[in-house]
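Down below is the structure, laid out as structure tokens.
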Amino acid sequence: MRIPFQLLMITLLLSTLAASVLSGLTGAVQISLGDAIESIMQSITSATAGQAANVNSETSLSTLVLFELRIPRIALALMVGCILAQCGAVLQGLFRNPLADPGIIGVSSGAAVGAIIAIVLLPANWKAWSVPVCAFAAGLSATLLVYTLARSARGTSVVILLLAGVAVSAFSGAAIGLLTYFADDNSLRELSVWQMGSLSKAKTEQLPLVFVCCLALIILFQKHINALNALLLGESEARHMGIDVERFKRNTIVLVAIGVGICVAYTGIIGFIGLVVPHVVRMLCGPNHRFLLPISAVMGGLLLILSDLLARTLIAPSELPIGLITALIGAPFFVSLLLRERKRWAL
């Protein structure tokens, strides 16, 4: 059943707003809606007057929790979900493969190697900046290696690209295992949390860069809508329509690598968002990328906000890695997708 684009978008936007409010109020420290509004107004008033809030008041505790912990997490979850879902939709269209997701081009595993190198080998007082920098650089390098291995004089083969991604991911897994073996006890816990994804280290200072990346990808992917729709017909048909397929592949893969690399650098590896969300959106509004990309962006943000809410509250005051929640949601869907594809090939 297809749902009109406007109705679906409005519903998702309202749901995202409601989920954001619920996530802001819920957690180890419960905040009422009235206290949240009062905290926001107090912060606005204090900022306007150039004064600090009264740290001894109960309202200031709500302000601290909201502005230092909850709001950065919600904003980061929204933007990371948006980026991952869009990148998944774009890669599935580019490869014409329903099983494609951002991790298939090696960026996630490569970023994991970079982050673990920073955690295990570099000084502890460097981790605040070395982990995201190394993760982003290694993720982008892994993607460029995958693309270089797949490229030939005749062009870039999608099959070879996918196989190269598998090979690079396997090598990255071996490197991760080796580094983990030599890690000390303090690093092991950080490694496990980072590999399963977490928003626990979200900070306000991270948001501008992620926001710029998210906005840039939305704009650039919208410019590629016609090319993505043409590729649904096949590469030869797209070439006949005047599209430089090789250049489009290269540019798209680089954009996806940058977006996913930034996400992984700040949140660790969060799987299944880029796989599940585009499929759900296709079932709701069809394969046209003009509708698929914006709806995927909003739904990805909504799903990650809800996943983070569950991660924080299921075993409160402790916290589950958000990657576990997305895996529990995505794995059954992935199995159902495999079964459906098996039936299609059997025909």
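So for the sequence shown, the working numbering puts the first residue at 2; every next one is plus one.
Note that beta-carbon positions come from the ideal geometry of N, C-alpha and C, so glycine has one too.
Please read these numbers as outputs of a predicted model, since none were measured by experiment.
Proximity of T314 and L77 at Cβ, strictly below 8 Å: Against a cut-off of 8 Å, the Cβ pair of L77 and T314 comes out as no contact.
Between the CA atoms of N126 and E236 - distance to the nearest angstrom: Their backbone Cα atoms lie some 49 Å apart in a straight line.
Nearest-angstrom Cβ-Cβ length linking G107 and A143, presumed shorter than 8 Å: G107 to A143, Cβ: 4 Å. Contact.
Given 8 Å, three or more beta-carbon pairs between the segment 268 to 284 and the segment 187 to 205: The segment 268 to 284 vs the segment 187 to 205: in contact.
Residues that R152 bridges to, as DSSP identifies them: For R152, which the question treats as bridged, DSSP gives the partners T157.
Nearest residue (CA-CA) to L303, options F6, F292, V22: Out of F6, F292, V22, V22 has the C-alpha closest to the C-alpha of L303.
G174 classed as buried or exposed, judged by whether at least 16 other C-beta atoms fall within 10 angstroms: Classification of G174: exposed, given that the 10 Å Cβ count is below 16.
Under 8 Å between C-beta atoms of L79 and I306: Contact: yes.
V257 and L92 closer than 8 Å at C-beta: Contact: yes.
Bounding residues of the alpha helix (DSSP H) (the contiguous stretch that carries G260): Looking at the DSSP string, the run of the alpha helix (DSSP H) that includes G260 is 246 to 268.
Simplified DSSP assignment, three categories, for H225: Secondary structure at H225: coil, using DSSP grouped into helix, strand and coil.
Residue of Y148, R155, S109, T149 minimising C-alpha distance to P133: The residue with the shortest Cα to Cα distance from P133 is S109.
Reference A154, options G178, F273, I326, E247, closest by Cα: Nearest C-alpha to A154: E247.
Through-space distance from S24 to I177, alpha-carbon basis: Approximately 33 Å between the Cα atoms of the pair.
For C214 and I105, believed in contact at Cβ under 8 Å, the rounded distance: Contact between I105 and C214 does not hold, since their C-beta atoms are separated by about 20 Å, which reaches or exceeds 8 Å.
L232 versus N187 - alpha carbon distance: L232 and N187 have their C-alpha atoms some 48 Å from each other.
C-alpha distance - P279 paired with Q207, whole-angstrom precision: One C-alpha to the other measures close to 26 Å.
Buried versus exposed call for R190 [16 or more other C-beta atoms within 10 Å across all chains shown]: Residue environment analysis places R190 among the exposed positions, since fewer than 16 neighbouring C-beta atoms fall within 10 angstroms of its C-beta.
Cβ neighbour criterion (16 or more within 10 Å) applied to P333: Exposed, by the Cβ-count rule.
First through last residue of the alpha helix (DSSP H) which encompasses N126: Taken as a continuous stretch (DSSP letters only), N126 belongs to no alpha helix (DSSP H), as it is neither H nor E.
Inter-residue Cα distance where the pair is A19 and I38: Going from the Cα of A19 to the Cα of I38 covers about 15 Å.
For N98, the first and last residue of its enclosing alpha helix (DSSP H): N98 -> no alpha helix (DSSP H), and no H or E assigned at all.
Three-state secondary structure assigned by DSSP to R3: Coil.
Exposure label - S63; buried when at least 16 CB within 10 Å: Result: buried.
Beta carbon of A29 nearer than 8 Å to that of A317: The Cβ atoms of A29 and A317 lie closer than 8 Å to each other.
Beta-carbon proximity list for L8, same chain, < 8 Å, skipping 5 on both sides: Around L8, the same chain offers no residue with a beta carbon nearer than 8 Å, after the five sequence neighbours per side are excluded.
Alpha-carbon spacing of P322 relative to G198, whole angstroms: Inter-residue distance for P322 and G198 is about 6 Å (C-alpha atoms, whole angstroms).
Of the residues A171, T149, F172, the one placed nearest I161, counting alpha carbons only: Checking every option, the nearest Cα to that of I161 belongs to T149.
Contacting residues, own chain, Cβ-Cβ under 6 Å from R291 (five flanking each side not counted): Excluding positions up to five away in sequence, the list reads I226.
Alpha-carbon spacing of G324 relative to P5, whole angstroms: Rounded to whole angstroms, G324 to P5 spans 31 Å at the Cα level.
Which listed residue (R3, T12, K250) has its alpha carbon closest to that of G156: Minimum Cα-Cα distance from G156 among the listed residues R3, T12, K250 corresponds to K250.
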